[in-house]
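*Asks:* First to last, the protein sequences are chains A and B. Numbering-wise (full-length UniProt numbering), the first sequence opens with residue 1 and increments by one. Numbering-wise (full-length UniProt numbering), the second sequence opens with residue 1 and increments by one. Structure provided below as structure tokens; questions to follow.
There are 2 protein chains.
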Amino acid sequence: MLTERQLLILKVTVDDYIQSAQPVGSNQLSKKSELPFSPATIRNEMADLEGLGFLEKTHTSSGRVPSQKGYRYYVDHLLTPRPLPKQDIQQLRSIFEDKIAETEEVIKRSAMILSELTNYTAILLGPDVRKHTVKKLSIVPLTMDTAVAIIVTDNGHVENRVFTIPEGLDPADIEKMVNILNDRLAGVSLNDLHLRLEQETLTVFKQHVNRYGELFSTFRQAVIMPHDDNVFFGGKLNILKQPDFHDLQKIRDLMNVMEEHKHIPMILPVGSQGLHIRIGSENTLSAMEDCSVITVSYDIGEEQTGSIAIVGPKRMDYKRVVTLLDTLSGELSKELTRMIRGK
Amino acid sequence: MLTERQLLILKVTVDDYIQSAQPVGSNQLSKKSELPFSPATIRNEMADLEGLGFLEKTHTSSGRVPSQKGYRYYVDHLLTPRPLPKQDIQQLRSIFEDKIAETEEVIKRSAMILSELTNYTAILLGPDVRKHTVKKLSIVPLTMDTAVAIIVTDNGHVENRVFTIPEGLDPADIEKMVNILNDRLAGVSLNDLHLRLEQETLTVFKQHVNRYGELFSTFRQAVIMPHDDNVFFGGKLNILKQPDFHDLQKIRDLMNVMEEHKHIPMILPVGSQGLHIRIGSENTLSAMEDCSVITVSYDIGEEQTGSIAIVGPKRMDYKRVVTLLDTLSGELSKELTRMIRGK
DNA sequence: ATTAGCACTCACACTCATAGAGTGCTAACA
DNA sequence: TGTTAGCACTCTATGAGTGTGAGTGCTAAT
């Protein structure tokens, strides 16, 4: 078990390293007013902390650096959240200032502001599009043989896709179909769409529309929408600002991971509630073994949730980021819920 | 005036440097079968070429590197376009393989494939959205006080924006308005939209709709759409692959420029026709002084144009990129024109 | 006009010495 | 017994000195 003094020294060491990015020596520490001990005493304690695996040396005669275990202990037990500075709160509030009516727009801005406030990379995941429900379907003919299918969802998201109309189909039939679809599918979630499409509409189609099979399968294809476009980044390039990242190869790997959308679920576990911190190799992706990721979820109404992630070096300003994310998560939940409910 | 042999040596020097990224020495060159001269001879010629400003030395006793003037002469006079390898053509064709019906989708894929083929960064600019013409307008109510305005354009692009409905407005009026708008504005380009909005519809509104003023200005706001979302990138990270870029600061500046949409017009001059090469400081942006940019335009139908840019180091494989862009520009023009015309 | 020969230059890699920051250990101290 | 001063030790970072090699420019011979 760690003594009070060891805890204090661990905390101050981590804090100092987070701030300076330089290995921390006993002399430096003894100068701080929180630690009224001689360098020698501190040295002894640090040696113990190293023995217990909380600190590491970069070489025999260097100062110490927090180990993964050290960071973990720090965030689990030594993190004393401190209220956000006024300025930060003001900036966060500015996200909602302009009365933007679009969920996505708000999330985009959040990503930007968050990355500016932290100097790390922010990734925001909007609510799962598949949980949106259909407000209105329509089909707009473009040329002789193409048309665009449009689905408007309950919170104003618009999905659209151009498709090819089967040769020589009656425009009146398409119109009929759209009407039927709107009648039957309003309020259905995008996720259930292709299921309900068959259950509810196929029989009606048979009665009212010629060549229903062809038309049906065409439309079916058109409404199977991609649903990966609700990821928003802020400060992708902030990685380049961190002195921790100097190895071009590693930077490339890291940026690659973030660029490739398929890796996003690994960074931002979709289901999880509340705030999570993953440090270094606690991340599943090997490209992120030198990073820490802090995630938090937010809620829109009772049904929909989104998440926020901050990606930075292990030497991340945990205290600040945690409070920022806590606050933002709350604000986002509040404002976005308000938005979908109408004022 | 340069002699035949000087031209040959300049060409081979540039080619070699483009390939190896290493300063080129007289010994190396004399080994090539194209240059059956002794190192000494080549040295003399190179000294002349340096005197004339086509080559440079990195230090007194180093090999030579093309100067900006050297590259310029090379692309202007020494570029012997060579037919694309089959494999490349095949890859370019693969862009259109899947019968994608959406202009944007095709452009997105082009950006990706192009960046893969070149290992440089590709920027593709879609046709100016403002030149699209209105196919259909609609307004879908979401909550008590919000609705989403949707504009479908002639080539299947869908613009949408959520807006706030003025307090206590009659839904029937909105419906009326949309009908009027569709009657009057179909075929109008987005650019002229707000102009024609007033000219053509304001008087009609006065006759048919209560509180036309409020409704009109609300809708007017909603249709002033942003039009910057038709820029697509491929291989943003390819910059990190080039050995020419090792200075983290410069990489940051460069990536910053590309990330910021406001700088795009500087990279991709919108009006220009045909193929252009800008080398080093010929670029207006100082962050790109170590880059070369090759741009080319393509046409969709008679009205609309887009452009393609490749951003790479000055030591770019001009020959290859020029032929690639030439070909792609042609293919894109052909296929996209076909698409908006219907098959 | 071309080329072989040669002296010269400079970057790069290597070694070596030194300074400085930090440690661990021991012995003295309160 | 916990704390601290002192000291020897270790390792990095820095800079000076050196040798090597690739390359050049010039001159004289072909």
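We put the CB at the ideal spot given by N, CA and C, even for glycine.
Just how far apart, CA to CA, sit A:GLN242 and A:GLU331?
*Replies:* When rounded, the distance between both Cα atoms is 28 Å.
*Asks:* What number of angstroms, rounded off, separates the C-alpha of A:ALA101 from the C-alpha of A:VAL296?
*Replies:* The alpha-carbon atoms of A:ALA101 and A:VAL296 are separated by roughly 23 Å.
*Asks:* Do we get a CB-CB distance below 7 Å when we pair A:GLU167 with the residues of chain B?
*Replies:* No, its Cβ sits nowhere closer than 7 Å to a Cβ of chain B.
*Asks:* Can you give me the start and stop residues for the alpha helix (DSSP H) that B:TYR318 sits inside?
*Replies:* Element bounds for B:TYR318: 318-341.
*Asks:* Could you confirm whether any beta carbon from chain A is found closer than 7 Å to the beta carbon of B:LEU117?
*Replies:* Not one chain A Cβ lies under 7 Å of B:LEU117.
*Asks:* If we ignore side chains and look at the alpha-carbon of each, how far apart do B:ILE95 and B:LYS319 end up?
*Replies:* Looking at the two C-alpha atoms, the distance is approximately 22 Å.
*Asks:* Suppose the cutoff is 6 Å on Cβ atoms and the five residues either side in sequence are ignored; what does the same chain contact list for A:SER272 look like?
*Replies:* Excluding sequence neighbours, A:SER272 sits near nothing in its chain.
*Asks:* Can you list, in chain order, the residues of its chain with a C-beta nearer than 6 Å to that of A:GLY63? Leave out the 5 residues immediately preceding and following it.
*Replies:* Cβ within range, chain order: PRO23, VAL24 and GLY25.
*Asks:* The stretch 245-267 of chain A: which residues have C-beta closer than 8 Å to a C-beta of chain B, in chain order?
*Replies:* Against chain B - using a Cβ distance shorter than 8 Å - the residues of the stretch 245-267 of chain A are HIS246, LEU248, ILE251, ARG252, MET255, ASN256 and GLU259.
*Asks:* Should B:THR218 be flagged as near chain A, meaning a C-beta pair shorter than 7 Å?
*Replies:* With 7 Å as the cut-off, B:THR218 does not count as an interface residue toward chain A.
*Asks:* Where in the stretch 152-187 of chain B do unbroken runs of the alpha helix (DSSP H), each at least 4 residues long, occur, reported from the N-terminal end onward?
*Replies:* DSSP runs (the alpha helix (DSSP H)) wholly in the stretch 152-187 of chain B: 171-185.
*Asks:* Considering only residues of the stretch 10-62 of chain B, which uninterrupted beta strand (DSSP E) runs meet the minimum length of 3 residues and lie entirely inside it, listed in chain order?
*Replies:* Those beta strand (DSSP E) runs which fall completely within the stretch 10-62 of chain B and span 3+ residues are 55-57.
*Asks:* According to a CB-to-CB cut-off of less than 8 Å, which residues of the stretch 23-49 of chain A neighbour chain B?
*Replies:* Of all residues in the stretch 23-49 of chain A, none has a Cβ within less than 8 Å of some Cβ in chain B.
*Asks:* Below 8 Å on C-beta distance, what does A:LYS86 contact in chain B?
*Replies:* Neighbours of A:LYS86 on chain B: none; closest Cβ ~29 Å, over 8 Å.
*Asks:* Taking the C-alpha atoms as reference points, what is the distance between A:TYR71 and A:GLU105?
*Replies:* Approximately 35 Å, taken between the alpha carbons.
*Asks:* Within 10 Å of its beta-carbon, does A:THR60 have 16 or more other beta-carbons around it, so buried, or fewer, so exposed?
*Replies:* So A:THR60 counts as exposed.
*Asks:* Between the C-alpha atoms of B:ILE113 and B:GLY234, what's the straight-line distance to the nearest angstrom?
*Replies:* So the two alpha carbons sit approximately 8 Å from each other.
*Asks:* If we define contact as Cβ-Cβ less than 7 Å, is A:VAL152 a contact residue for chain B?
*Replies:* Cβ-Cβ to chain B under 7 Å: yes for A:VAL152.
*Asks:* CB A:GLU34 to CB A:VAL12, shorter than 7 Å?
*Replies:* Contact flag set, yes.
*Asks:* Using DSSP with H/G/I as helix, E/B as strand and the rest coil, what is B:TYR71?
*Replies:* Three-state DSSP puts B:TYR71 in a helix.
*Asks:* Are there three or more Cβ pairs, one per stretch, closer than 8 Å when the stretch 38-45 of chain A is compared with the stretch 282-289 of chain A?
*Replies:* Counting Cβ pairs under 8 Å, fewer than three are found: no touch.
*Asks:* For A:ASP299, which of helix, strand or coil comes out of DSSP?
*Replies:* If DSSP states are grouped into helix, strand and coil, A:ASP299 belongs with the strands.
*Asks:* For B:ARG82, which residues does DSSP report across the bridge?
*Replies:* According to DSSP, B:ARG82 bridges with nothing at all.
*Asks:* Among A:ASP253, A:ILE174 and A:HIS194, whose alpha-carbon lies nearest the alpha-carbon of A:ASP290?
*Replies:* Closest by alpha carbon: A:ASP253.
*Asks:* Comparing alpha-carbon positions, which option in A:VAL321, A:SER333, A:ARG341 and A:ILE340 lies nearest A:PRO85?
*Replies:* A:PRO85 has its Cα closest to that of A:VAL321, out of A:VAL321, A:SER333, A:ARG341 and A:ILE340.
*Asks:* Closer than 8 Å between beta carbons: that is the criterion. Which residues of the stretch 155-189 of chain A meet it against chain B?
*Replies:* Those residues of the stretch 155-189 of chain A that come within reach of chain B (Cβ to Cβ, closer than 8 Å) are ASN155, GLY156, VAL158, ASN160, ARG161, VAL162, PHE163 and THR164.
*Asks:* Taking CB distances under 7 Å as the criterion, tell me whether B:LEU237 reaches chain A.
*Replies:* Closer than 7 Å to some Cβ of chain A, the Cβ of B:LEU237 qualifies, so yes.
*Asks:* Does DSSP put A:ALA147 in a helix, a strand or coil?
*Replies:* Strand, per DSSP.
*Asks:* Following a CB-centred definition, is A:PHE54 positioned closer than 6 Å to any heavy atom of the ligand NAD?
*Replies:* No copy of the ligand NAD occurs in the structure displayed, which carries no ligand at all.
*Asks:* Taking the alpha carbon of residue 360 of chain B as the reference point, which residue from B:TYR120, B:ALA122, B:LYS262 and B:GLU175 has its own alpha carbon closest?
*Replies:* No information on residue 360 of chain B is available, as it lies outside the stretch 1 to 343 that chain B covers here.
*Asks:* Find the nearest neighbour of B:ASP145 within the set B:GLY156, B:LEU124, B:ASP170 and B:THR323, judged by alpha-carbon distance.
*Replies:* Checked all of B:GLY156, B:LEU124, B:ASP170 and B:THR323; the closest Cα to B:ASP145 is B:ASP170.
*Asks:* Which word fits A:LEU325, buried or exposed, when buried means at least 16 other C-beta atoms lie within 10 angstroms of its C-beta?
*Replies:* Counting Cβ neighbours within 10 Å, A:LEU325 comes out buried, since at least 16 surround it.
*Asks:* Near B:HIS132, what residues of its chain come up, given a Cβ to Cβ distance below 7 Å and the 5 sequence neighbours on each side ignored?
*Replies:* Same-chain partners within the cutoff: THR153, ASP154, ASN155, HIS157, SER189 and LEU190.
*Asks:* Keeping to the same chain, check which residues put their C-beta closer than 8 Å to that of A:LYS57; ignore five residues upstream and five downstream.
*Replies:* For A:LYS57, where only same-chain residues beyond five positions count, the Cβ hits under 8 Å are PRO23, GLU50, GLY63, ARG64 and VAL65.
*Asks:* Take B:ILE264 as the anchor and find which of B:SER307, B:VAL223, B:PHE245 and B:ALA222 has the nearest alpha-carbon.
*Replies:* The candidate whose alpha carbon is nearest that of B:ILE264 is B:SER307.
*Asks:* Using CA atoms only, rank isn't needed, just tell me which of B:GLY274, B:SER333 and B:ILE239 is closest to B:LYS314.
*Replies:* Residue B:ILE239 is the option with its Cα nearest to B:LYS314.
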